[in-house]
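*Asks:* One structure, as structure tokens, below. Some questions next.
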Amino acid sequence: SHGDGGRVYFLEDHNGSPPGNWLVHDQHAGLSLGSWFGISGKVLYKTSSAPFRSELACLRLTSEEVSETADHAGLCRTEFGPDTRVLDWSDIKRMTQQEVAAMKESLGITPTYNEKHYFVTVDGEKSYGGGVYFLEDH
């Protein structure tokens with residue numbers, strides 16, 4: 055079994071060119087949204103419920119890399135308080151190219167290929183068919 059049996063959402067920065075072995079759910083501003091199992095990474099989250107556009111400073115990464123089976127939402131709340139939630143892909147889709155670039159710079163997200171995974175949710179769901187969403191900057 056793969057933990058909960060599905061693929062966890064994540065993102066990676068691929069500079070808009072994901073590798074051929076990637077199952078791409080969506081792309082935005084160079085980031086690729088994928089889902090897989092047996093991976094680890096940091097959780098991307100926001101520390102307040104304030105309107106997203108004015109709150110770039112509220113975006114954070116967990117201090118430690120964790121597995122896709124970890125309680126991502128619980129980790130975020132433990133590390134940064136009860137008003138924290140895992141960042142959703144819909145939040146990222148609302149960002150401009152410039153805002154995504156600023157987020158990547160401030161959080162140290164750089165282009166990698168099958169290396170750096172950042173866990174997110176999609177429509178509030180951690181996983182695709184029971185998996186977990188992540189992203190990577192390609």
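Positions in the sequence shown are counted from 1; adding 54 to them yields the working numbering.
Built from N, CA and C at the ideal position, the CB exists for glycine as well.
Report the partner residues of Lys-96 according to the DSSP bridge assignment.
*Replies:* Beta-bridge pairing links Lys-96 to Tyr-172.
*Asks:* Nearest to Glu-159 by alpha carbon, out of Asp-67, Val-62, Gly-60 and Arg-61?
*Replies:* Per the Cα distances, Asp-67.
*Asks:* List the whole-angstrom C-beta distance separating Asp-191 from Leu-113, where the pair is believed to meet the contact cut-off of C-beta under 8 Å.
*Replies:* Going by Cβ atoms, the distance from Asp-191 to Leu-113 rounds to 14 Å, so no, they are not a contact pair.
*Asks:* Which term fits Ser-55, buried or exposed, when burial requires 16 or more other beta carbons within 10 angstroms of its beta carbon?
*Replies:* Annotation note: pLDDT 34 at Ser-55 (below 50); position unreliable, no value reported.
*Asks:* Assign Asp-145 to one of three DSSP states: helix, strand, or coil.
*Replies:* Residue state, collapsed to three classes: helix.
*Asks:* If you reduce the DSSP assignment to three classes, tell me which class Thr-150 lands in.
*Replies:* In the structure shown, Thr-150 sits in coil (DSSP, three-state: anything other than H, G, I, E or B).
*Asks:* To which residues of the same chain is Asp-142 closer than 8 Å at the C-beta, ignoring the five residues directly before and after it?
*Replies:* Val-174, Thr-175, Val-176, Asp-177 and Gly-178, listed in sequence order.
*Asks:* State the Cα-Cα distance for the pair Gly-60 and Gln-81, rounded to the nearest angstrom.
*Replies:* Cα to Cα, the separation comes out at about 21 Å.
*Asks:* Closest by CA to Asn-168, which one among Trp-76, Phe-134 and Gly-70?
*Replies:* When only C-alpha atoms are compared, the closest one is Trp-76.
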